[in-house]
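Heads up, the sequence shown is in the numbering used here, so the first residue is 155 and it goes up one at a time.
See structure below.
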Amino acid sequence: MTELGRPLIVGNWKMNGLSAELDEIDAIASGLAGDGFGGITCVICPPATLIDRARARAGGRLAIGAQDCAIPARGAHTGDCSAEMLRDAGATWVIVGHSERRADHGETDGLVRAKAEAAHRASLTPIVCVGETLAEREGGRADAVVAAQVAQSIVGACDGARTVVAYEPVWAIGTGLVPRGDQIRAMHALIRRELTAKLGTAGQAIPLLYGGSAKPDNAADILALDGVDGLLIGGASLRSAEFLRIARIAAGLDG
Ligand code: PGA
Numbered sequence: 155m156t157e158l159g160r161p162l163i164v165g166n167w168k169m170n171g172l173s174a175e176l177d178e179i180d181a182i183a184s185g186l187a188g189d190g191f192g193g194i195t196c197v198i199c200p201p202a203t204l205i206d207r208a209r210a211r212a213g214g215r216l217a218i219g220a221q222d223c224a225i226p227a228r229g230a231h232t233g234d235c236s237a238e239m240l241r242d243a244g245a246t247w248v249i250v251g252h253s254e255r256r257a258d259h260g261e262t263d264g265l266v267r268a269k270a271e272a273a274h275r276a277s278l279t280p281i282v283c284v285g286e287t288l289a290e291r292e293g294g295r296a297d298a299v300v301a302a303q304v305a306q307s308i309v310g311a312c313d314g315a316r317t318v319v320a321y322e323p324v325w326a327i328g329t330g331l332v333p334r335g336d337q338i339r340a341m342h343a344l345i346r347r348e349l350t351a352k353l354g355t356a357g358q359a360i361p362l363l364y365g366g367s368a369k370p371d372n373a374a375d376i377l378a379l380d381g382v383d384g385l386l387i388g389g390a391s392l393r394s395a396e397f398l399r400i401a402r403i404a405a406g407l408d409g
């Protein structure tokens with residue numbers, strides 16, 4: 155993979171999006187085709203049903219990702235999509251270990267790591283999500299929880315240019331709550347230390363995203379924090395105008 159443009163701005167549409175929402179992909183793609191966006195990387199992860207059509211409409215500056223992948227390449231796994239299938243449909247990225255999948259589908263760190271390995275096998279770049287719950291933070295266990303997730307969810311021999319980690323505190327997702335800047339900085343520093351301890355110099359190259367109620371109004375402040383290489387955006391990525399406002403901020407085109 156070539157060197158990633160940073161910041162890296164990733165939209166996670168979750169289980170939202172019918173054919174009509176492909177108009178949002180058109181609008182994002184034409185916005186990003188304007189001057190000044192060449193240095194950043196933008197990705198939208200629509201539901202799997204829209205990946206191939208989104209790819210066809212995304213243009214040169216917008217990459218398309220998936221939100222999950224199965225571990226095997228093929229076989230008797232009713233309802234699953236393999237990383238190879240997602241790649242074939244036009245995805246080049248895949249989110250793995252999102253907290254909604256960890257919580258709602260019982261995904262463990264070991265499973266998340268196997269999904270990241272499947273992504274590498276299929277030449278997809280995995281975006282591995284980690285983050286503590288509110289009870290874990292209030293109980294003083296946030297650092298230990300996130301450190302363990304990083305240690306166990308990240309592939310041991312991974313190439314730093316082909317993996318991304320997203321810190322998404324569960325209590326900030328979809329709630330409008332955002333950690334203080336010093337809390338985000340401290341957790342990103344901890345994740346960087348864990349990655350470097352595990353992977354050496356490859357661990358220093360892995361981009362670290364922040365996710366959880368990132369919006370046009372707070373994007374500049376979060377992106378300015380030491381150790382934040384980009385954003386993973388849920389709700390605010392569903393509307394092209396909001397996603398493009400954040401992309402403009404990331405590209406230094408807006409205050
Ligand atoms: P949010 O979601 O931006 O709507 O909080 C972020 C995410 O879950 O990836």
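Quick reminder that beta carbons are idealized off the backbone N, C-alpha and C, glycines included.
Because the structure is a prediction, the values reported are computed rather than measured.
- For H259, the CB stays at least 7 Å from every heavy atom of the ligand PGA.
- Contact fails between the region 286-301 and the region 214-234, because fewer than three Cβ pairs, one in each stretch, are under 8 Å apart.
- Here A273 really is in contact with T279; their C-beta atoms are around 7 Å apart, less than 8 Å.
- In chain order, D263, V284 place their CB closer than 7 Å to the CB of Q303, counting only its own chain and leaving out the 5 sequence neighbours on each side.
- The beta strand (DSSP E) runs lying completely inside the region 230-307 and spanning 3 residues or more are 247-250, 279-284, given in chain order.
- Here R402 is buried: its Cβ has 16 or more other Cβ atoms, across all protein chains shown, within 10 Å.
- Secondary structure at I387: strand, using DSSP grouped into helix, strand and coil.
- For I179, the enclosing alpha helix (DSSP H) has its first and last residue at 176-186.
- Boundaries for A202: no beta strand (DSSP E) harbours it, and the DSSP string shows neither H nor E there.
- DSSP places G213 outside any alpha helix (DSSP H), giving it a letter other than H or E.
- The nearest non-hydrogen atom of the ligand PGA is less than 7 Å from the C-beta of S367.
- The three-state reading of DSSP puts G219 in strand, counting E and B together.
- Spatial neighbours of A374 in its own chain (CB-CB distance under 6 Å, excluding positions within 5 residues in sequence) are listed in chain order as I403.
- In this structure, I308 has its beta carbon at no less than 7 Å from each heavy atom of the ligand PGA.
- In the DSSP assignment, N372 falls within the alpha helix (DSSP H) that extends over 370-377.
- Residue environment analysis places T317 among the buried positions, since at least 16 neighbouring C-beta atoms fall within 10 angstroms of its C-beta.
- The C-alpha of E238 is placed about 5 Å away from the C-alpha of A276.
- T246 and G214 have their C-alpha atoms some 13 Å from each other.
- Judged by beta-carbon spacing, V300 lies within the 8 Å limit of E286, meaning their Cβ atoms are closer than that value.
- With a cutoff of 7 Å, G389 counts as near the ligand PGA, since its C-beta is closer than that to a heavy atom of the ligand.
- Of the candidates V382, A210, P201, the residue whose Cα lies closest to the Cα of G388 is P201.
- Under the Cβ criterion (8 Å, minimum of three pairs), the region 171-190 does not count as touching the region 322-342.
- Remark: the shortest separation between the CB of N166 and any heavy atom of the ligand PGA falls under 7 Å.
- Under DSSP, C196 takes part in a beta bridge, and its partners are I163, L216.
- Non-local C-beta neighbours of S391 in its own chain, meaning closer than 7 Å and more than five positions away in sequence, comprise G165, N166, W167, I198, F397, ordered along the chain.
- DSSP, read as helix, strand or coil, puts L362 in strand.
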